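K.L.:
Can you read through this structure? Questions will come right after.
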């Protein structure tokens, strides 16, 4: 049954991808991208990779769709006719695809318990992590503790992204006060969003702090919290959103999240362990691991939230400016 | 305490300094802070190199988890040597950039510039030090995102197209590397490089492993701008701010060359890559074409930054040529050239940036008559240019010397001759600029402008590199010792790993 579901989902994925290639209306393309991400999230669920599915749904289908829509507001919704020849790119794509298929010919049998991925490093994670790290969610154990350095790196990648966006666009405050921003006249939207926003923030906090026990963690929580504020900005307009959290403050927040994460590492060095060795954070190693993971996840959440919202601000303020002109 | 963490500090220091530089906000403050952080990273990597030369290999388990379960940082002579060059250039460029970016980057973006520079440095150090294939990808992403940002910071609008092109190509390269690492993981179940090396041997002829090798090689080749995947490089180097070009030209592509060396010699093994897959001949052919095609392209450009950018692609050809010879001397020549080329290109691009600062253009015509007006800058350009050509008593001569020796060791007269002929092109493209600077008169229209020598803050880092070019051309003990032990070490680990396979099968090296 699971295989049948996989086949159906993969077929839908391929159809979506093909449609994306041939569509000229970029608005529809963005919507299809969202569908594509949801379909991949479903496939991940089917593979029992709920954490990955959660991330894909919140980041791939959620926030990226919003950011791409704001980009369309700045640029335009029709694809320009390409003047380049398509033969060489097609050739490169075909060769790459053929190489990938060739590579899978010797692939270990799908899902077999004797596969190298299940035999080498993974058994230790599965058998020892409840004792060594003490968390029921092994994905969080690997992500935040065994490979915590990677996660610090990923947080810095997110931080680098906002540096890039700010240097290209910058967040500009609109000077005109009488400018109609947001959707103030839509009363229904107003009321509904006022009910939804606190719930979304509450859910984000739940995802943030429940990541040790179930799917979730800083990345997803940060994105969900950012979504709540983006909704607020969309409905009430950017100036009002700026009054709640300003762009400059978000810059500091993004930096503070990275620093919070790194400071855990520095503290563990001060305590005599290696960088990011959470065992040294408390007298009891398991408690130390728990403290460490909670703090670094918080750092991730803060950075991701601040970066996503700031990128939205940067795009949104540009789009508003281009609308005025 | 510092002793124990020496391995991790060159990554952690700029990584933590970057967000702080953003918070500081003010241009001068973040400049001073960034320079301090980079300078400290340089001191640590100096100590790291001497430790690596005496102890061989230093391993550091991040988070206290032993490899392959946790992430290992692993320093040996090879990466410590490149790290030294990267941190040194970064520090010098930061000193130089204070005045240089005043002219080329909007004032509001100055703290973003220093933050991005530190992020790039952290990424490059991470790529060099890490002993974990996936961790390498993460740091590659950090450094790449930071470089796209740095390129796009110029006030010249054309930098945006250049940065976008660089972003598209760079992302394809990074994705290819990720796919390759994924395929390796699928077949071996590990991400640690030493562990991968042991376990890959068991599947030598597997299609999955070979496809992984192909994807990683193509991905890295894009990153290091190997001909014909170099098309992103000339526009990016031409339109980026001068300080950025000086930094990237002397570090980013070199680090990618190191990644290629690491994957070939440590992870996949020489026999697999060169004997079974025949990559040696492919790399050698591409390197030779790169040297000739791009040296020729350099001679016909009118923008001096483009000239030097094409020259960089040609010089990368020399590095790849060295490693494709598959000998200790050849690899040593590559390592020396990575180091020396950083010194030359750093100095050259700094001199060009100085000309832009005063004249406002980097067209070859703008150089006319500058030999008298900016004597120190043009003298620096001349010496670094002679080093690119490979004149004796400069660092460039040492690189070419070892490359030719390596070719002759194998009786490969053709390669030796090609290296020497390639240098003739360098005489042409450097000569054209020197001719304009020293033998042409300052145009009438410009004689009223007040063109004078630049500030000492820009001159000092430039001249430090120029003196280094001469120093390492005369006293080669540091470069040859480090490069030699790096190269011998790479061959040695390769042999140990292969012998291990013959004797004890999949014995864990790490445990």
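Residue numbers (this note's numbering), protein chains in the order written: chain G, 1029 to 1353; chain Z, 102 to 612. Think of the CB as a built atom: it goes at the ideal place given N, C-alpha and C, for glycine as much as any other residue. Quick caveat: nothing in here was measured; it's all calculated off a predicted structure.
(1) Does any CB atom of chain Z fall closer than 8 Å to the CB of residue 1297(G)?
(2) Between the stretch 1303-1316 of chain G and chain Z, which residues of the former have a C-beta closer than 9 Å to a C-beta of the latter?
(3) Counting only beta-carbon atoms, is residue 1200(G) nearer than 8 Å to chain Z?
(4) Buried or exposed: residue 1139(G), going by 16 or more other Cβ atoms within 10 Å of its Cβ?
(5) Mind listing, in chain order, the continuous beta strand (DSSP E) runs of no fewer than 3 residues lying wholly within the stretch 167-245 of chain Z?
(6) Whose C-alpha, out of 357(Z), 198(Z), 190(Z) and 250(Z), is nearest the C-alpha of residue 133(Z)?
(7) At a CB-CB cut-off below 7 Å, which residues of chain G make contact with residue 235(Z)?
(8) Just reading off the beta strand (DSSP E) that residue 160(Z) is part of, what are its end residues?
(9) Of the choices 1247(G), 1192(G), 1093(G) and 1259(G), whose alpha-carbon is the least far from that of residue 1224(G)?
(10) Under 8 Å Cβ-Cβ, which residues of chain Z neighbour residue 1167(G)?
(11) Is any beta-carbon of chain G found at less than 8 Å from that of residue 106(Z)?
(12) Between the C-alpha atoms of residue 1058(G) and residue 1099(G), what's the straight-line distance to the nearest angstrom?
(13) If we ignore side chains and look at the alpha-carbon of each, how far apart do residue 422(Z) and residue 384(Z) end up?
(14) In whole angstroms, what is the alpha-carbon distance linking residue 392(Z) and residue 344(Z)?
(15) Less than 8 Å between CB atoms is the rule here; does residue 278(Z) satisfy it with respect to chain G?
(16) Would residue 124(Z) pass as an interface residue toward chain G - the criterion being a Cβ-Cβ separation below 8 Å?
(17) Secondary structure at residue 255(Z), three-state DSSP: helix, strand or coil?
(18) Any C-beta of chain G sitting closer than 8 Å to the C-beta of residue 210(Z)?
(19) Identify every residue that forms a DSSP beta bridge with residue 466(Z).
(20) CA-CA distance, residue 219(Z) and residue 115(Z)?
(21) Going by DSSP, name the residue or residues bridged to residue 1106(G).
(22) Of all the CB atoms in chain Z, is at least one closer than 8 Å to the CB of residue 1131(G)?
(23) Less than 8 Å separating the beta-carbons of residue 446(Z) and residue 477(Z)?
(24) Can you give the Cα-Cα distance for residue 186(Z) and residue 1335(G), rounded to whole angstroms?
(25) Which residues in chain Z have a C-beta closer than 9 Å to the C-beta of residue 1135(G)? List them in chain order.
(26) Measure from the C-beta of residue 1346(G) to each C-beta in chain Z and report whether the shortest distance is under 8 Å.
(27) Nearest by alpha-carbon distance to residue 1281(G): which of 1311(G), 1272(G), 1246(G) and 1327(G) is it?
(28) Going by the beta-carbon positions, is the gap between residue 1108(G) and residue 1053(G) smaller than 8 Å?
(29) Could you check whether the stretch 260-267 of chain Z touches the stretch 238-252 of chain Z, counting it as contact only if at least three pairs of C-beta atoms, one from each stretch, sit closer than 8 Å?
(30) Closer than 8 Å by C-beta to residue 311(Z): which residues in its own chain qualify, once you throw out the five before and the five after it? Chain order, please.
(31) Hey, how far is the Cα of residue 211(Z) from the Cα of residue 1195(G)?
(32) Between residue 191(Z) and the rest of its own chain, which residues show a CB-CB distance below 6 Å, the 5 nearest in sequence each way excluded?
(33) Using a beta-carbon distance below 8 Å, is residue 163(Z) in contact with chain G?
(34) Mind listing which residues of the stretch 1137-1169 of chain G have their C-beta closer than 9 Å to chain A's C-betas, in chain order?
(35) Taking C-alpha atoms, which residue in 1215(G), 1248(G) and 1270(G) lies nearest to residue 1084(G)?
(36) With DSSP collapsed to three states, give me the class of residue 1206(G).
P.N.:
The answer reads as follows:
(1) yes
(2) Result list: 1303, 1304, 1305, 1306, 1307 and 1308.
(3) no
(4) exposed
(5) 173-176
(6) 198(Z)
(7) Result: 1178.
(8) 159-162
(9) 1259(G)
(10) Result: empty, since nearest Cβ-Cβ is about 15 Å, beyond 8 Å.
(11) yes
(12) 10 Å
(13) Their backbone Cα atoms lie some 7 Å apart in a straight line.
(14) Computed Cα separation, rounded: 25 Å.
(15) no
(16) yes
(17) strand
(18) yes
(19) Answer by DSSP bridge pairing: none, since residue 466(Z) is not bridged.
(20) 5 Å
(21) Beta-bridge analysis with DSSP links residue 1106(G) to 1053(G).
(22) yes
(23) no
(24) Residue 186(Z) and residue 1335(G) have their C-alpha atoms roughly 33 Å apart.
(25) 284, 287, 288, 308 and 309
(26) no
(27) Minimum Cα distance to residue 1281(G) is reached at 1327(G).
(28) no
(29) yes
(30) Taken in chain order, the residues that qualify are 378.
(31) 9 Å
(32) 139 and 222
(33) yes
(34) You won't find chain A in this structure, because its protein chains are G and Z.
(35) 1248(G)
(36) In this prediction, residue 1206(G) scores a pLDDT of 44, lower than 50, which makes its location untrustworthy; no coordinate-derived value is stated.
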